[in-house]
Structure formats: structure tokens, C-alpha cells
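Residue numbers (the working numbering): 133 to 354.
Backbone N, C-alpha and C define an ideal beta-carbon position, used for all residues, glycine too.
Working notes, beginning with the structure itself.
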């Protein structure tokens, strides 16, 4: 389980994607509450649609703050090269918990309930219970789907390296392994290349550096 949570996780961290996600999730909350009227909303004396719109807007606002403003202020912590499955699950749970707390505040302003520890726990419990299972399964499925072509591609590359005829001892021959990011490609002497294997969404290149075995981690599409 620990190795699973430590796997690299690639996510689309563009502001446009986060805006779409926040607005879509807020719209879902709005329509779900307005149409089905759960959690006692059917007894609301005012406009349920207007009340539900407030919950949806609160949800979207929280997601925009957490996923647009916070990463902009803390870019190093959200560096894609350091992002893992565990971090993704944890951050989504932070989103859910914050949404629960914010909706409690909105409920208080709307006159539905007071601000108390009990009400906070109730809101957090509902939010986390509803969201934790689909969120966790969604993150794990996305990681598996993204890693599958890298694993198969890495195996194919290793097979090609094993079957490729070596020009003599390989002395003087240099190879370049491209990276899928803006980082520099890895260039090394062929005789220094030991082997390559897949690690989630990355490729691990084991090679010699000053006659010592080292590992270089590249994000690339093989």
C-alpha cells in the first residue's frame, strides 16, 4: 500500500481544467440538492432552488481557491515531478473537508443550523462518506490508466536494447533518452547504460556516472 501511494501521479494542473472541474462539481451539487431535496431540504419554506444554488456556488468557490489560488501561491509543493497518488488522494480529501466546513457556514447564514462542533462533524461526515470511496477509486484508476502505456513501452524498449546488435564494445557511441517535460534529455555513453524500467508514469534509467551506478528519473512517453 505504501508503494502504491508513493507512485507518481500526473494531473492536468491548468487553470482552465480546474475552473471546469469546480463549475461542474458546483453544478452537480446544485442540481442534486434542488431536484432530490435530501437532508431535510424538502421542508425548507423558501425557494429550494435558490438555497441549492448557494450550496453549489459555495462548493465551486472553495474548489477554485484550493486548486487555483493555493497552487499559484505554493508552486513548489504542487510540483508535478513530486506529486504522488497519496498526495492526490490527500488533497482531494482536503477539498471535500473544506467544502463541508464552508457549506456549514453557508447553512448558518441561511438560517438552517448553528455553528457547533456537532454540526461540523455531521457536515464533514456526510461530505467525506459520500466522496471518499469514488475519489479514492477514481485516483487509483487514473494512475493505472496513465501508467499502463509507460509500463508496456518500457518493456518494449528493454527488449529492443537487449536484441539490438552492439557496435563492438559500444565505445564512443552515445545515446539520448528524451524527456516528456521541459527538462533536458538524458545523454550518456552507450557502455554506461545499464538498463531501463518503468516506474509509474516515469522511466527509471540506470547508468554509470564516473563508474558508479546511479538512477535518473524521466517522465517520458516511450
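Here the alpha carbon of residue 143 sits roughly 18 angstroms from the alpha carbon of residue 205. Going by C-alpha positions, residue 214 is about 11 angstroms away from residue 220. Here residue 255 has 232, 233, 235, 236, 239 as same chain residues with Cβ atoms under 8 angstroms from its own Cβ, once five neighbours each way along the sequence are excluded.
Residue 338 is bridged by DSSP to 327, 347. Residue 141 counts as buried, since at least 16 other C-beta atoms from the protein chains shown sit within 10 angstroms of its C-beta. Counting only unbroken stretches of 4 or more residues, no alpha helix (DSSP H) element lies wholly within the stretch 226-285. Residue 190 is not bridged by DSSP to any residue. Partner residues in a beta bridge of residue 197, as assigned by DSSP, do not exist.
In the displayed model, residue 321 falls within a strand according to three-state DSSP.
Around the beta-carbon of residue 184, 16 or more other beta-carbon atoms lie within 10 Å, marking it buried. Taking C-beta atoms as the reference points, residue 192 and residue 155 count as a pair closer than 8 angstroms. For the pair residue 159 and residue 336, the Cα-to-Cα distance works out to about 42 angstroms.
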